[in-house]
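This note's numbering puts the sequence shown at residues 4 to 221.
Where a beta carbon is used, it is the ideal one built from N, C-alpha and C, also for glycine.
Take a look at the structure set out below.
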Amino acid sequence: MRIEGKISPRRLLESFSAGEKAPLFRFSTPQISDALYKISGYNGAIHSLRPLNKKKIFGPIVTAKTKDYDWGTSVKAIDHASESEVIFIMAEGDDNAVWGELTSKTAKKKKIAGTIIYGACRDLDAISKLDFPVFSKGVVPNAGKPLALGEVNIELECEGVDVRPGDYVFGDESGVVIVPQELLDIVMEEAFRIKEREADISRLIEDGIPLSRILGLK
4 MRIEGKISPR RLLESFSAGE KAPLFRFSTP QISDALYKIS GYNGAIHSLR PLNKKKIFGP
64 IVTAKTKDYD WGTSVKAIDH ASESEVIFIM AEGDDNAVWG ELTSKTAKKK KIAGTIIYGA
124 CRDLDAISKL DFPVFSKGVV PNAGKPLALG EVNIELECEG VDVRPGDYVF GDESGVVIVP
184 QELLDIVMEE AFRIKEREAD ISRLIEDGIP LSRILGLK
């Protein structure tokens with residue numbers, strides 16, 4: 004089944020993170036990753052990243068690359084990001100935090116969709132209570148300096164996954180998946196088909212049919 008109408012970023016955000024009122028369109032990162040793999044042979048998953056406050060994250064990416072002792076580049080990325088975009092920071096090293104409470108509050112005020120740090124974050128106590136998605140590779144209490152010597156909106160490679168400005172990121176408690184912007188529409192259509200198929204399988208399981216038979220395993 005095709006998703007009717009143009010797939011806008013706002014509609015996808017609602018589809019990915021909708022609550023119980025819209026169960027038909029709730030997607031998970033496993034469904035997104037499976038869809039991307041079926042289409043491209045590439046699963047888009049970055050395995051080291053996890054949410055710090057159980058929030059889902061979705062949006063087009065603004066990238067930043069910095070040293071772990073330079074959190075000023077993260078502030079620079081906030082200035083470059085627009086409403087509904089996700090900041091993806093790749094830090095060289097994780098001995099110092101490049102993101103924390105104040106940067107989260109600033110980004111939230113600007114209506115940025117969330118932040119992903121391939122490195123370290125801090126202020127977990129405050130971030131866990133903040134309605135702003137933050138994903139990180141690690142958490143430490145210390146930070147470096149606001150040098151702002153890093154780069155913004157450049158192509159990155161993270162655990163073998165290309166992360167380009169304008170690509171889309173999906174994140175939930177299962178992890179993070181990067182979808183190339185040119186594949187977004189067909190990936191979402193395939194994810195919808197996967198979701199329907201999983202719903203059919205769940206119904207058959209409830210009817211007492213063994214999963215091995217449903218899957219045609221011998």
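Taking C-beta separations shorter than 8 Å and ignoring five residues to either side along the sequence, the partners of ALA151 in its chain run ASP73, GLY75, THR76, VAL78, LYS79, following chain order.
Residue LEU186 holds the alpha-carbon nearest to the alpha-carbon of TYR40 among LEU186, ARG53, ILE212. Boundaries cannot be given for TYR45, as no beta strand (DSSP E) includes it and DSSP labels it neither H nor E. DSSP links ILE64 through a beta bridge to VAL89. Between the alpha carbons of THR118 and PRO136 lies a gap of roughly 6 Å.
Taking C-beta atoms as the reference points, ILE35 and VAL180 count as a pair closer than 9 Å. Short of 6 Å from the beta carbon of GLY103, and not among the five residues preceding or following it, lie these beta carbons of its own chain, in chain order: ARG125, ASP126.
Burial check for GLY153: the Cβ neighbour count within 10 Å reaches 16 or more, so the residue is buried. Rounded to the nearest whole angstrom, the C-alpha separation of VAL143 and ILE212 is 48 Å. By alpha-carbon distance to HIS83, the top candidate from ASP71, ARG196, THR109, LYS70 is THR109. With fewer than 16 other CB atoms across the displayed protein chains lying within 10 angstroms of its CB, GLU209 is exposed.
Per DSSP, SER139 is one residue of the beta strand (DSSP E) stretching across 137-142. The straight-line gap separating the alpha-carbon atoms of GLU88 and LYS114 is approximately 8 Å. Sorting ALA116, ILE81, ILE120 by C-alpha distance to the C-alpha of ASP97 places ILE120 at the top.
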